[in-house]
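K.L.:
There's a structure below that I have some questions on.
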Amino acid sequence: MDPARKRTARLVVALTAAVLLAGALIYTSFSAGDPSVSPSRLASSAVPGKSYQVTGKVADWQKSGSVQHFVLHDRKGSGSVPVVYNGPVPDPFRNGREVIITVRKDGGAFVGEKDSLITKCPSKYNNKATPS
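The sequence shown stops at residue 301 when you use the numbering used here, and every number in between is there.
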């Protein structure tokens, strides 16, 4: 076989392998995430025992020992779900703060999985006017 032709064949095989690996990496990174649901969607379609990642704003927060009782409201809209969480809460956790938590339906309330509560940074989701 001609050396130039051999180099061309190696280059084509290497580039094909690189494109296939890049495609597999992109597919894996986009399909690996768990989509979060809104409180209104969760309230209308939750199945008991199944875990859901829900995003909403905290309201009516009460602490009873190490157990947190609060309501999650939609960012926009009127839907809400009651949540019971037994575990540590981040320092910025308070009424009005947007959080992400993994919950499962248990009766009329949603029970948060331990160590799944995360507060969102307000600067990442607030719409601020930009100076022109």
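Using N, Cα and C, we set each Cβ at its ideal position, and we do this for glycine too.
Assuming Gly281 contacts Thr271 under a Cβ cut-off of 8 Å, what Cβ separation, rounded to an integer in Å, is found between them?
P.N.:
At roughly 7 Å, the Cβ-Cβ gap stays under 8 Å, so Gly281 and Thr271 are in contact.
K.L.:
Nearest CA to the CA of Ala278: which residue from Asn264, Ser249 and Asp260?
P.N.:
The option with the nearest alpha carbon to Ala278 is Ser249.
K.L.:
Just to confirm the assignment, what range does the alpha helix (DSSP H) spanning Pro208 have?
P.N.:
Where Pro208 is concerned, the enclosing alpha helix (DSSP H) stretches over Pro208 to Ser214.
K.L.:
What's the call for Val236, buried or exposed, on a 16-neighbour Cβ count within 10 Å?
P.N.:
It counts as exposed.
K.L.:
Does the beta carbon of Leu189 fall short of 7 Å from some heavy atom of the ligand NAP?
P.N.:
Among the components of this structure there are no ligands whatsoever, and the ligand NAP is therefore not found.
K.L.:
Mark Thr224 as exposed unless 16 or more other C-beta atoms lie within 10 angstroms of its C-beta, in which case mark it buried.
P.N.:
So Thr224 ends up on the buried side.
K.L.:
With Lys232 as the anchor, note down where its beta strand (DSSP E) starts and where it stops.
P.N.:
Here the beta strand (DSSP E) through Lys232 covers Ser220 to Ser233.
K.L.:
Reducing DSSP to helix, strand and coil, say where Leu190 ends up.
P.N.:
If DSSP states are grouped into helix, strand and coil, Leu190 belongs with the helices.
K.L.:
Considering only the alpha carbon of each residue, which of Arg174, Ser220, Asp243 and Ser209 lies closest to Gly265?
P.N.:
It is Asp243 whose Cα lies nearest to the Cα of Gly265.
K.L.:
Rounded to whole angstroms, what is the Cα-Cα separation between Ala183 and Ser198?
P.N.:
Cα to Cα, Ala183 sits roughly 23 Å from Ser198.
K.L.:
Under a Cβ-count criterion, where at least 16 other Cβ atoms within 10 Å of its own Cβ denotes burial, should Pro217 be classed as buried or exposed?
P.N.:
Burial call: exposed.
K.L.:
Per DSSP, what are the beta-bridge partners of Ser249 in this structure?
P.N.:
Paired residue(s): His242.
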